[in-house]
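J.: Chains as they are written, first to last, in our numbering: chain G, 462 to 640; chain P, 315 to 747.
The beta-carbon is built from N, C-alpha and C at its ideal position, and this holds for glycine as well.
Small disclaimer: the values here were computed from a predicted structure and weren't measured.
Have a look at this one before I ask anything.
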Amino acid sequence: MEIIKTITVHPKDYLTSQELAEIDHEISIMETREAAGIEALKVVQAHRGWISDESLHVIATYLRMSSAELEGVATFYNLIYRQPVGKYVIHLCDSVSCHLTGYQQVLNAIVQHLNIGYGQTTEDNLFTLLSNVCLGGCDKAPVMMIGKQHYEHLTPEKAVEIITALQNQNQNENVEVEL
Amino acid sequence: MNALTHPLTHLVNLQSPLNLNEYSQQGGYLGAEKALKEYSPSQVLDIVKNSQLKGRGGAGFPTGMKWSFVPHYDESDARSQDNKYLVCNADEMEPGTFKDRLLLEGVPHQLIEAMIIAAYTIGANKAYIFLRGEYHLAAKRIESALKEAYQANWLGENIQGSEYQLDLYLHTSAGRYICGEETALINALEGKRANPRAKPPFPQVAGLFGKPTIVNNVETLSNLPHILKNGPDWFINISPNSDAGSKIYGACGRIKNPGLWELPMGVTIGEVLNTHAGGMQDGLKLKGLLPGGASTDFLLPEHLDTPMDYDSIAKAGSRLGTGGLIVLDDKNCPVAMVLNLLQFFAQESCGWCTPCRDGTPWAVEILTRIEQGKGTIDDIDSLLKLCDFMWIGKTHCALAPGAVEPLKSALTYFNDEFMQHIEHGCCPYHGAY
């Protein structure tokens, strides 16, 4: 209902010039403005982490389509986040090749380490855990994707190591900022 | 390994794919040059028809025939001015399939060259590569290859001094398996929800933005430069006793050496599994396998001598699909595996038609019950009925029938295991590995 209550912000007051340039490029290669919808959602998500109601509304206005229609699109595709997510989104492959080679143990280890389940974000807003269909790394299963990076040949220990490394890296970054 | 024996993969370099100059030095873009300079579009179409190339995306439809459905209107007809489109289906999401990724990441220029040939043949001036969102590395490499191709005038206006113009764009998707269905892919490319469309009209006549559109798989397209360079007879002779050409076969599961191999069409399942994939890991026995991705019927160890081509696998009761073996060992529970497959299909159903939207989660519910040891004999009957409700002709697209294939064949081949779950009230395998 938030969408309905929102008063339209002019897209050019809301979207940054870089976002607009990237969306305009997508519009330019398509026949219709709305055909750029998915890419536009991805552009804004890349800059802001997720698609808020406000972002959705503004993108729809810019593409001259209804918010409801764009919401239908946004909620259809699993790589569009309609809720806030952590800095790192873990996409753990739960398809058959990974299932056969130890997915469940890897999942258990991640759940235990981060203390979150699927669809949840850690309290420090660092990690969100999501499942993903086959990531195309079946010969190196089990696999997961964090951000744009694919991690292969996972074991429960290796998965926790990867996540711990990101946690440490982030702590160091925070220290630098404070200094 | 050379251009004649391993046309698709001999130039693959996953560490650092060939740039345009390197690719050209290895004979790259010769196929496109030949097509543009020596042949008319209808001559290229004949060459592709004569090569007997079949679609490598799963259905195995003859590529030349698919192209020939694109209408050609007289110049007096206003429709002759309309755009036509070529779309490369790089939405590789079939579980157990990772062959297109190799070509996309390893030799992106080969795909661009192939798309020039295909677009020229059907008369398209705009083409899209529809890439799944998770293939970030492939996206990066394709983008840079596209830039090079534009700079070298292999894309854009008056390509290599010819009259022909082609713009080729990369579209990265945002997930969902159903986007791989060609009409759903077209809807996704139009910025809509990826629900498949009713056919007819077929995309060849009314596809992207209502215009004639050809959608081809990455591997299918990647054959074209080599067919143009070496001729259709060479292509057919790669595999004289089977479907034409080579095929990238894959294998995964608990085997010694999972991977991908480009082999002549029609090598046996056993050859892929035992010779190339090294057989089962120590201490494990082969229980069964899916020959071409998640949406194919199970086959058994007795089928190891079956050649991996469209007709032979069909005769054995399954489909070649994408040619990626998913191998089930004897220490993994077949019921748990089928449950995992159905969970996938239930999650990825687009929800458009009732048999699929309601049938796949229903199957998941029943299979979960059986796997947990709470199933009854009636549940087996319910599953068989569901297999009927979700079969071809009762659904909007092929997703639900694709879910039925592993389910129904598992009920036949692994009946004992299903019964053990029900009779003992527990999973004899303790679930998955």
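1. So with Cβ pairs under 8 Å, would you call Glu639/G a contact of chain P?
2. Check whether the segment 630-646 of chain P and the segment 580-592 of chain P touch, using three or more Cβ-Cβ pairs below 8 Å as the test.
3. Measure the CB-CB distance between Leu497/G and Leu524/G and report whether it falls below 8 Å.
4. So that I know if they touch, is there some Cβ in chain P lying closer than 8 Å to that of His560/G?
5. How long is the line joining the alpha carbons of Glu731/P and Val649/P, rounded to whole angstroms?
6. Might you give, ordered along the chain, the residues of its own chain that have their beta carbon closer than 7 Å to the beta carbon of Leu615/G, omitting 5 neighbours on each side?
7. Is there a Cβ from chain G that is less than 8 Å from the Cβ of Phe444/P?
8. According to the Cβ coordinates, are Leu322/P and Glu576/P closer than 8 Å?
9. Could you list the residues in the segment 560-577 of chain P with a C-beta less than 8 Å from some C-beta on chain G, going in chain order?
10. Looking at Pro720/P: is its Cβ nearer than 8 Å to the Cβ of Leu604/P?
11. Assuming contact is defined by CB atoms lying nearer than 8 Å, are Tyr449/P and His485/P in contact in what I supplied?
12. Taking Cβ to Cβ, would you say Gly607/P is nearer than 8 Å to Leu367/P?
13. Scan the segment 589-615 of chain G for residues whose Cβ lies nearer than 9 Å to a Cβ of chain P and list them as they occur along the chain.
14. Counting only Cβ-Cβ distances shorter than 8 Å, please list the residues of the segment 494-512 of chain P near chain G, keeping chain order.
15. Counting only Cβ pairs nearer than 8 Å, list the residues of chain G close to His744/P.
16. Beta-carbon of Ile640/P versus every beta-carbon of chain G: anything under 8 Å?
17. So with Cβ pairs under 8 Å, would you call Gly578/G a contact of chain P?
18. Quick check: Ile436/P and Leu482/P, are their CB atoms within less than 8 Å of each other?
19. Can a CB atom of chain A be found closer than 8 Å to the CB of Lys503/G?
20. Which chain P residues sit within Cβ distance under 9 Å of Ala507/G?
21. When Cβ atoms are compared, which residues of the segment 479-498 of chain G fall closer than 9 Å to chain P?
22. Taking the Cβ atom as the reference point for each residue, do Asn397/P and Lys348/P lie within a distance shorter than 8 Å?
23. Does the CB of Arg633/P have a neighbour CB from chain G at under 8 Å?
24. Please return the same chain residues whose Cβ sits closer than 8 Å to the Cβ of Leu640/G, not counting the five positions on each side in sequence.
25. Checking contacts by CB at 8 Å: is Tyr434/P closer than that to chain G?
26. With H, G and I counted as helix, E and B as strand and the rest as coil, what does DSSP make of Lys645/P?
27. Helix, strand or coil for His744/P, going by three-state DSSP, please let me know.
28. Could you pull the start and end residues of the alpha helix (DSSP H) that His450/P belongs to?
29. Residues of chain G with a CB under 9 Å from the CB of Gly732/P: which are they?
30. List, in chain order, every chain G residue whose beta-carbon is nearer than 7 Å to that of Leu655/P.
31. I'd like the list of long-range same chain contacts for Asn555/P, defined as Cβ closer than 7 Å, with 5 residues on each side in sequence excluded.
32. Please tell me whether Pro539/P and Arg455/P are closer than 8 Å, where the distance is taken between their beta carbons.
33. Locate the alpha helix (DSSP H) running through Met605/G, then write down its first and last residues.
T.: According to the structure shown:
1. Because the pLDDT of Glu639/G is 49, which lies under 50, any placement of that residue in the model is unreliable, and the number read from its coordinates should be weighed accordingly. Contact with chain P is absent for Glu639/G, since none of that chain's Cβ atoms lies less than 8 Å from the residue's Cβ.
2. Enough Cβ pairs lie closer than 8 Å, so yes.
3. Note that residue 497/G is Ala in the sequence shown, not Leu. At a Cβ-Cβ threshold of 8 Å, Ala497/G and Leu524/G count as neighbours.
4. His560/G counts as touching chain P.
5. Rounded to the nearest whole angstrom, the C-alpha separation of Glu731/P and Val649/P is 7 Å.
6. Cβ neighbours of Leu615/G within its own chain (closer than 7 Å, five residues either side excluded): Val567, Pro603, Val604 and Met605.
7. At a cut-off of 8 Å between beta carbons, Phe444/P makes no contact with chain G.
8. Contact flag set, yes.
9. Those would be Gly564, Ala565, Cys566, Gly567, Arg568, Pro572, Gly573 and Leu574, in chain order.
10. Yes. Within cutoff.
11. No. Outside cutoff.
12. Contact flag unset, no.
13. Answer set for the segment 589-615 of chain G: Ser592, Asn593, Val594, Cys595, Leu596, Gly597, Gly598, Cys599, Asp600, Lys601, Ala602, Met606, Gly608, Lys609, Gln610 and His611.
14. Here the close residues are Ala502, Leu503, Glu504, Gly505, Lys506, Arg507 and Ala508.
15. Chain G residues near His744/P: none, gap ~11 Å exceeds 8 Å.
16. Taking CB atoms only, Ile640/P has a neighbour in chain G less than 8 Å away.
17. Residue-level contact by beta carbon fails for Gly578/G and chain P, as no gap is shorter than 8 Å.
18. No, these two residues do not count as a Cβ contact at 8 Å.
19. As a matter of chain content, chain A is missing from the structure shown, whose protein chains are G and P.
20. Ordered by position in chain P, no residue passes the 9 Å Cβ test against Ala507/G, which lies about 11 Å from the chain.
21. Those would be Glu487, Ile490, Met491, Glu492, Thr493, Arg494, Glu495, Ala496, Ala497 and Gly498, in chain order.
22. No, the pair does not count as a contact, with Cβ atoms beyond the cut-off.
23. Under the Cβ criterion of 8 Å, Arg633/P is not counted among the residues facing chain G.
24. The pLDDT assigned to Leu640/G is 48, lower than 50, so where the model puts this residue is not dependable; a value taken from the coordinates is nonetheless given after this. Excluding residues within five positions, none has a Cβ falling inside 8 Å.
25. Tyr434/P is outside the set of residues whose beta carbon lies under 8 Å from a beta carbon in chain G.
26. DSSP, read as helix, strand or coil, puts Lys645/P in coil.
27. Three-state result, His744/P: coil.
28. Counting along the chain, the alpha helix (DSSP H) containing His450/P begins and ends at His450 to Gln465.
29. The sequence shown places Phe at residue 732/P, not Gly. Per Cβ cutoff of 9 Å: no residues; Phe732/P is ~18 Å from chain G at best.
30. Result: Val557.
31. The answer, listed in chain order, is Gly580.
32. No, Cβ-Cβ distance for Pro539/P and Arg455/P is not below 8 Å.
33. Per DSSP, Met605/G lies in no alpha helix (DSSP H) segment; the continuous beta strand (DSSP E) that holds it begins and ends at Met605 to Ile607.
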